[in-house]
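A.B. asks: My numbering applies: residue 1 is where the sequence shown begins, and numbers increase by one.
Note that CB positions come from ideal geometry on N, CA and C, so glycine has one too.
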Amino acid sequence: MSERPEPIAPDELAEAVEQLDGWQLEGDALCRTFEFDDFVAAFGFMASAALVAERINHHPDWSNVYSKVTVELSTHDVGGITRLDLELAEAMNALA
1 MSERPEPIAP DELAEAVEQL DGWQLEGDAL CRTFEFDDFV AAFGFMASAA
51 LVAERINHHP DWSNVYSKVT VELSTHDVGG ITRLDLELAE AMNALA
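Here you go:
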């Protein structure tokens, strides 16, 4: 099993979130709601993002209601946001 990364320091995290279009901090999670034209586009995004999540072995807390996908990213086993969360957020932005 690979070693999990450390939580990102608060000042470094604030700077990183400023660079992530559409994302914000809510408690110990990075959060964003993506909006698409319809359910098929939203579900297609989720399918593509799932492949990235599986590849990096880091899976989002997310939900889908019709054309919206709400995402919360946090590394639960370290109790905060890590580079894995930032990497997945960047990938999701690129896919959207």
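Which residues in the same chain as ALA91 place their Cβ atom closer than 6 Å to its Cβ, once the five residues preceding and following it in sequence are excluded?
C.D. replies: Closer than 6 Å at the Cβ level, and outside the excluded window around ALA91, lie VAL52.
A.B. asks: Inspect the beta-carbon positions of ARG83 and PRO10 and report whether they are closer than 7 Å.
C.D. replies: No; because the gap between Cβ atoms is not below 7 Å, this pair is not in contact.
A.B. asks: Measuring only the C-alpha atoms, how far is VAL40 from ALA47?
C.D. replies: Roughly 10 Å separates the two Cα atoms.
A.B. asks: Rounded to whole angstroms, what is the Cα-Cα separation between LEU13 and LEU20?
C.D. replies: Distance between the alpha carbons of LEU13 and LEU20: 11 Å.
A.B. asks: What do you get for VAL65, buried or exposed, if any count of 16 or more other CB atoms within 10 angstroms of its CB means buried?
C.D. replies: By the 10 Å Cβ count, VAL65 comes out exposed.
A.B. asks: On the criterion of 16 or more Cβ atoms from any shown chain inside 10 Å, does ILE56 qualify as buried, or is it exposed?
C.D. replies: Result: exposed.
A.B. asks: Pull up the distance between the alpha-carbon of ASP37 and that of SER67, whole angstroms please.
C.D. replies: C-alpha separation (whole angstroms): 6 Å.
A.B. asks: Please name the residue in GLY44, ASP28 and TRP23 whose C-alpha comes closest to that of ASP77.
C.D. replies: The option with the nearest alpha carbon to ASP77 is ASP28.
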